[in-house]
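Protein chains: 2
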Amino acid sequence: MGIEIERKFLLRGDGWRREADEGTDFRQFYLAVRDGLSVRVRIKDEAKALLTVKNGIGMRRGEYEYEIPLADARELEAAHLGEVVAKRRFRVPLGDLTVEVDVFSGALAPLVLAEIELPDEDHPFERPDWLGEEVSEDGRYTNASLALHGRPGPG
Amino acid sequence: MGIEIERKFLLRGDGWRREADEGTDFRQFYLAVRDGLSVRVRIKDEAKALLTVKNGIGMRRGEYEYEIPLADARELEAAHLGEVVAKRRFRVPLGDLTVEVDVFSGALAPLVLAEIELPDEDHPFERPDWLGEEVSEDGRYTNASLALHGRPGPG
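The listed protein sequences derive, respectively, from chains A and B.
To convert, note that position 140 of the first sequence is 137 in our numbering; the numbers rise steadily by one, no gaps.
To convert, note that position 20 of the second sequence is 17 in our numbering; the numbers rise steadily by one, no gaps.
Here you go:
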């Protein structure tokens, strides 16, 4: 299902909330994580479930996503690795692009991360002042690492 | 998607071929295998692909199977663990049940295994003379173990 190019950032302040939608609740967990490959189940607003295989690391990775029955997702949750991650995802328009801002709750609070999906690696975008340090290549900020190892400490 | 109860046997001779259908070619590989959980992709007759999550060990296990695009399966094959397993599966009627006989090719030849799926653990069935030693509880004969560790040696 093609290659996903994604850049990931920490945030500075709450300026992004002015343009954000009302958000969607995600609960997600990993069934498997190995060298560059992960298998994740995500439940959206307790209404829809997706099984996603990601293959590859960094900004370029193959992503394969399939809707599955909600009942299956709930059964599979018993087999989760690490922590079940809960977050609310807000969508913020940015020119021709959309920024997804994830506000984590539970064990990962008060972490907030922004992701921008790009049509290609060199696609330009205006950088709003609320976008902080880029962590695209920092493996500690992958969702898999957050679920398995928790929130990175300061420094 | 519910619990699968399956008994697995070695074979004695070719008597099963008399009643068998013409068979289906399977090519399958594992994306992940961990304590009791596996994620497998299976391609049937190069025409249809399934992603399957199995959870649990022994005769009782949860099995969750989803059809995925054939193109996805072919891309994901690059991420396979161990060996890609090739086999031809024949269906053999046995009273009200069906025996699936898997004839492995490639690295696992000349292994042949029979599986019987039962409506419950105590369901009786007539035991034909071509059914050999039961290996339901022998972890070396799981498809995941065969893909990762190869064919068990004699004894």
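From the three backbone atoms N, C-alpha and C, an ideal C-beta is built for every residue, glycine too.
The model shown is predicted, which means the values in this text are computed figures rather than measured ones.
Assigned secondary structure, residue i (DSSP; H/G/I helix, E/B strand, else coil)
i, result
"B/D69", "helix"
"A/E64", "strand"
"A/R148", "coil"
"B/A44", "coil"
"B/R39", "strand"
"A/E118", "coil"
"B/A76", "helix"
"A/R14", "helix"
"B/M(-2)", "Bear in mind that a pLDDT of 48 at B/M(-2), under 50, signals an unreliable position, so the number given afterwards is only what the model happens to contain. Of the three classes helix, strand and coil, the one that applies to B/M(-2) here is coil, per DSSP."
"A/A141", "helix"
"B/A29", "strand"
"A/L108", "coil"
Per-residue contacts from residue i into chain A (C-beta, under 7 Å)
i, result
"B/E72", "G59"
Neighbour list for residue i in chain B, Cβ cutoff strictly below 8 Å
i, result
"A/I65", "Y61, Y63"
Minimum C-alpha distance to residue i - residue among the options
i, options, result
"B/A104", "B/G53, B/G150, B/V50", "B/G150"
"B/D18", "B/K45, B/E60, B/V98", "B/V98"
"A/E64", "A/R71, A/I113, A/H77, A/K45", "A/K45"
"B/V96", "B/A83, B/P107, B/L73, B/E114", "B/E114"
"B/H77", "B/S35, B/D117, B/L7", "B/S35"
"B/A68", "A/G59, A/E130, A/P66, A/W127", "A/G59"
"B/K41", "B/A70, B/G53, B/E16", "B/A70"
"B/V50", "A/E72, A/F23, A/L8", "A/E72"
"B/E134", "B/L91, B/G33, B/F23", "B/G33"
"B/D93", "B/E131, B/R24, B/A106, B/P121", "B/P121"
Proximity below 8 Å, CB of residue i to CB of residue j
i, j, result
"B/T21", "B/R85", "yes"
"A/L47", "A/R39", "yes"
"B/V81", "B/W13", "no"
"A/F26", "A/E62", "no"
"B/L143", "B/V30", "no"
"A/L128", "A/K5", "no"
"B/R24", "B/D126", "no"
"A/E112", "A/E3", "yes"
Buried/exposed call for residue i, threshold 16 Cβ in 10 Å
i, result
"B/R124", "exposed"
"B/G152", "Only weak support is given to the placement of B/G152: the predicted model assigns it a pLDDT of 49, under 50, and the question is left unresolved by the model."
"B/A141", "buried"
"A/R37", "buried"
"A/R137", "exposed"
Beta-carbon neighbours of residue i, restricted to chain B and to distances below 9 Å
i, result
"A/N52", "L28, E72, L73, A75, A76"
Within chain A, partners of residue i - CB distance below 8 Å
i, result
"B/L48", "L48, V50, Y63"
Partners in chain B for residue i, counting only beta-carbon separations shorter than 7 Å
i, result
"A/R31", "A29"
"A/V36", "L28, A29, V36"
Neighbour list for residue i in chain A, Cβ cutoff strictly below 9 Å
i, result
"B/V89", "Neighbours of B/V89 on chain A: none; closest Cβ ~30 Å, over 9 Å."
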